[in-house]
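Residue numbers (the numbering used here), protein chains in the order written: chain A, 19 to 130; chain B, 147 to 258. C-beta: ideal position from N, C-alpha, C; glycine also. Let me begin by presenting the structure, written as structure tokens, before commenting on it.
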Amino acid sequence: DSGVTQTPKHLITATGQRVTLRCSPRSGDLSVYWYQQSLDQGLQFLIQYYNGEERAKGNILERFSAQQFPDLHSELNLSSLELGDSALYFCASNSGTYSPLHFGNGTRLTVT
Amino acid sequence: DAKTTQPNSMESNEEEPVHLPCNHSTISGTDYIHWYRQLPSQGPEYVIHGLTSNVNNRMASLAIAEDRKSSTLILHRATLRDAAVYYCILSNSGGSNYKLTFGKGTLLTVNP
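And the structure:
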């Protein structure tokens, strides 16, 4: 058990809809990272938050947004969903710059 | 971003050592070398990381070439539970903007 909790585990929704994925980091970790894993693209870094502030951005679409709350949990919002957004979304956390990332078990999003 | 090259797949027998190679010829002086693995239906799991010297932990050993252009992850006695995709990754930079870019990794099959 990595200590990182992601909910829900599975999500099925239709094109054009909006969903919110939730992540609770390991106790004490200030940084949260979001990754997307699809069959053809592998693991793609989306965005990082550190203690409530956005710190790094990767290949995140404009239709996607995220935030980290004062209690350090994070949410990833995906809107105007397309079939190609179907993927596994992972959250990870760590306690410092070169500290190992601890990943949750992901949310599997299926867009129909 | 400095890139890594890994074999697509490798095979090993249970209880034998496994040497997983990684080439990173464009590594910069401040890049750390990280290894993660992803078991089926799970999020990636930290294995080991290092900068210049060889590193050992309870899971594996990391051997880093003197010129740092390659490294090898060593599993001393493979078990069936070690069957996973292994990712060799270079960290991007120091400071708080820290992210990992995952490639395709090496799929390790362990035969009983």
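- Counting only Cβ-Cβ distances below 7 angstroms, GLN188/B has contacts in chain A at ASN123, in chain order.
- The bridge partners DSSP lists for PRO167/B are THR218/B.
- Apart from sequence neighbours up to five positions away, the residues of its chain that approach ALA32/A with a beta-carbon distance below 8 angstroms are LEU99, VAL129, THR130, ordered along the chain.
- The shortest C-alpha to C-alpha distance from ALA224/B to any of GLY196/B, PRO153/B, LYS149/B, HIS165/B is the one to HIS165/B.
- Contact check between the segment 153–171 of chain B and the segment 113–127 of chain A: fewer than three CB pairs, one atom from each, fall below 8 angstroms, which does not count as touching.
- Bridge partners of SER49/A according to DSSP: TYR68/A, ASN112/A.
- Judged by DSSP in its simplified three-state form, ARG126/A adopts strand.
- Counting every other CB atom within 10 Å of its CB across the protein chains shown gives ASN112/A a total of 16 or more, marking it as buried.
- Out of SER216/B, ILE194/B, ALA230/B, the CA that lies nearest to the CA of ILE173/B is found in SER216/B.
- DSSP lists ARG183/B as the beta-bridge partner residues of GLU191/B.
- DSSP places LEU226/B within a helical segment (H, G or I) once states are collapsed to three.
- What PHE108/A touches in chain B, judged by beta-carbon distance under 8 angstroms, is GLY189, PRO190, going in chain order.
- Around the CB of PRO43/A, 16 or more other CB atoms lie within 10 Å, so the residue is classed as buried.
- Listed by position along chain B, the residues whose Cβ is nearer than 8 angstroms to that of HIS91/A form an empty set, because the closest Cβ is around 17 angstroms away.
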